[in-house]
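Working notes, structure below.
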Amino acid sequence: MADYQRKLIGEHPTIADLRHLADRVARSAARTVLIYGETGTGKGLLARMIHNASSRAEQEFLDINCAAIPANLMESELFGHEKGAFTGAVERKIGLVEAANRGTIFLDEIREMDLPLQTKLLSLLDTHQFRRVGAVKTTSVDVRFIAATNKVLLTEVTAGAFREDLYYRLQVVALNIPALRDRGDDVLIMAQHFIDQFNTAYGRNIRGLAPESEAIFRKYPWPGNVRELENLLERIFILEDEDVILPRHLPDRILRTVRAGARVVPPAEDPAPRPETGFHDATAAFQRALIERALDASGGNMQTAAAQLKISRHALRHQMIKLGLQSA
Ligand SMILES: Nc1ncnc2c1ncn2[C@@H]1O[C@H](COP(=O)(O)OP(=O)(O)OP(=O)(O)O)[C@@H](O)[C@H]1O
Ligand SMILES: [Mg+2]
-16 MADYQRKLIG EHPTIADLRH LADRVARSAA RTVLIYGETG TGKGLLARMI HNASSRAEQE
44 FLDINCAAIP ANLMESELFG HEKGAFTGAV ERKIGLVEAA NRGTIFLDEI REMDLPLQTK
104 LLSLLDTHQF RRVGAVKTTS VDVRFIAATN KVLLTEVTAG AFREDLYYRL QVVALNIPAL
164 RDRGDDVLIM AQHFIDQFNT AYGRNIRGLA PESEAIFRKY PWPGNVRELE NLLERIFILE
224 DEDVILPRHL PDRILRTVRA GARVVPPAED PAPRPETGFH DATAAFQRAL IERALDASGG
284 NMQTAAAQLK ISRHALRHQM IKLGLQSA
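So the sequence shown is residues -16 to 311, counted in the numbering used here.
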């Protein structure tokens, strides 16, 4: 099913909050939105929902994957170019930003954008104007940018790969999609939702998961999140004949992980900060990221975050003031 027809399924409080927040953001005048979430958690879906719920819904929603477009083509792709701007620019070309005027641009994997282009993007966010490659005059646009990332951007800032000012600019409205393993029984609710959909699509009548399969779904850490769940179920619809999903229908990889008992969390992909960043700035950024993660996980509750970090609430507050996360 096409993404724009989908709803954000789930009953976990974090997902209910997210739906509410996304709706608020959609109807607001916010020009930038940042979506955090592991791979397959629904970042693309959420971006599309925000567009659909906004007054921009009748205009374009353009999806740009910063990792998929070579850095040297990205600027002309986004901003377009004038005739003769470079060898091969035989005609003026309108860029995606102009094509999406009054609509939304989804910048997926924003951390892959190179630094010079980050500078140009920031200037566009500040002034609502940009220059086509090779142009003298600026062009005005009204576009909402929704950026997405599956990595902690602050680590990129520390490593010098992401502009700090752009980071703070994007951070103003940041939505966090929790991993599927952190949504409690939503995994079962979503499984049933996909089963219902595939029953229609494949003309089948699978009732649901056997209790033993439910237990496995609860324990498995779902590193590929909702996409992994959806693909797994579709595979079962194609390959199996029973009308209930049994453990033997599940891939070995899943059974082994669950049997090993550990809630294996995907390895941290954040690169280690570079020595040139300096000991002080690098450790401060690390501490900030740690605190921000604890606060995200606790829904902003200081007491819970402090307990998770195994420090006192007072110590947490002190650190936050020291690190500039809170005013004194
Ligand atoms: N809460 C949800 N309810 C219903 N479907 C969902 C939900 N979350 C994700 N999906 C579905 O799961 C699949 C993966 O979602 P999506 O592509 O939005 O993830 P993503 O975070 O953008 O992944 P990636 O980081 O790999 O780009 C899609 O088919 C999407 O429609
Ligand atoms: Mg995506």
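From the three backbone atoms N, C-alpha and C, an ideal C-beta is built for every residue, glycine too.
Here the structure is a predicted model, which means the values were calculated and not measured.
- For L153, the CB contacts under 7 angstroms within the same chain, skipping 5 residues up- and downstream, are T15, L17 and A130 in chain order.
- With a cutoff of 7 angstroms, G167 does not count as near ligand 1, since its C-beta is closer than that to no heavy atom of the ligand.
- The secondary-structure analysis by DSSP pairs Y150 with nothing; it has no beta-bridge partner.
- The continuous beta strand (DSSP E) containing T87 extends over residues T87 to D91.
- Proximity of the beta carbon of T24 to ligand 1 is indicated: a heavy atom of the ligand is located closer than 7 angstroms.
- Going by DSSP, Y19 is part of the beta strand (DSSP E) stretching over T15 to Y19.
- Two segments are said to touch when three or more pairs of C-beta atoms, one from each, lie closer than 8 angstroms; by this definition the stretch 45 to 59 touches the stretch 69 to 81.
- Burial check for A243: the Cβ neighbour count within 10 Å stays below 16, so the residue is exposed.
- Residue environment for Y203: buried (at least 16 other C-beta atoms within 10 angstroms of its C-beta).
- Within the same chain, Cβ atoms closer than 7 angstroms to the Cβ of V241 are found at I199, K202 and Y203, the five residues on either side in sequence being excluded.
- Annotated as distal: Y19 and A162, with beta-carbon spacing of 8 angstroms or more.
- The criterion of a C-beta distance shorter than 8 angstroms is not satisfied by M303 and R296.
- Close CB contacts of E95 within its chain, under the 6 angstroms cut and outside five residues either way in sequence, are with C49 and A50 (chain order).
- Taking 8 angstroms as the cut-off, the Cβ atoms of G186 and Q175 do not count as close.
- Ligand 1 has a heavy atom closer than 7 angstroms to the beta-carbon of D91.
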